[in-house]
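Colleague: The following block contains the structure, expressed as structure tokens.
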């Protein structure tokens, strides 16, 4: 009998991400479609500019605190309310919900910082070149090297009952192929179209559109991370 280790394949690595996308496909397509509709409506209807200006004013007055609290609400409160209404899926305890809120608040902070940085470096143009550059930096720099690794690590720590030793051990075992790559496949499939719409809007409205998509993404990220922890 051969003792050779099983050969790793790209298909096996992306399988958890593909399954997660299939599980949430309809709501994700709905969110992406809504994002496209919002961008089209903004540029085609001047009547929406007043409402958009009010959203931008709330965001500007709230600063980073607005980003933190609103992302925590979109990433934790809304999904839990949806699950209560539909009776779909389990629910986290108070301790885990508080932790989730802190994590998503931190994610919202980093997203806001990143959006501001891109606006400062590349400007506020919605030209094809500028939007494409921002999308590429978002999906192939910010996501694989900052947001996804940090998010996966923090949720893995939660799913392992906040055991630092077990979490460190899990991170040393097949992290890139077994955890990061599947999550990136999902990220690119969902956030690629969404952030294209985000960067097509003026800078002061980009974070507001991000929030609409965050509730759906939070369900996906938790689904992938929880499934990986159960396999340990």
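Residue numbers (the numbering used here): 250 to 481.
Here a beta-carbon is modelled for each residue, glycine too, at the ideal position from N, C-alpha and C.
1. Please say whether residue 291 and residue 301 have beta carbons closer to each other than 8 Å?
2. Can you have a look at residue 407 and say buried or exposed, based on whether 16 or more other CB atoms are within 10 angstroms of its CB?
3. For the stretch 345-358 and the stretch 373-381, state whether three or more C-beta atom pairs, one from each stretch, are separated by less than 8 Å.
4. Are at least three pairs of beta-carbons, each pair with one atom in the stretch 353-361 and one in the stretch 439-453, less than 8 Å apart?
5. Between the beta-carbon of residue 516 and the beta-carbon of residue 402, is there less than 8 Å?
6. Roughly how many whole angstroms lie between the Cα atoms of residue 481 and residue 314?
7. Which whole-angstrom value is the C-beta distance of residue 276 and residue 431, which I expect to be below 8 Å?
8. For the alpha helix (DSSP H) that residue 361 lies in, which residues bound it at each end?
9. Answer yes or no: do residue 456 and residue 316 have a C-beta to C-beta separation smaller than 8 Å?
10. Comparing C-alpha positions only, which one of 299, 461, 397 sits nearest to residue 436?
11. Can you give the Cα-Cα distance for residue 297 and residue 442, rounded to whole angstroms?
12. So is residue 440 buried or exposed if we call it buried at 16+ other beta carbons inside 10 Å?
13. Could you give the DSSP three-state label for residue 395: helix, strand or coil?
14. Using the Cβ count rule (16 or more neighbours within 10 Å means buried), how would you classify residue 280?
15. State the start and end residues of the unbroken alpha helix (DSSP H) segment that holds residue 319.
Modeller: Quick answer:
1. yes
2. buried
3. no
4. no
5. Coverage of the chain is limited to positions 250 through 481, which leaves residue 516 absent and any answer about it impossible.
6. Its pLDDT being 46, under 50, residue 481 is placed unreliably in this model, and the coordinates cannot settle the point.
7. Contact doesn't hold; Cβ gap of about 19 Å is too wide.
8. 343-371
9. yes
10. 397
11. 22 Å
12. buried
13. helix
14. buried
15. 297-321
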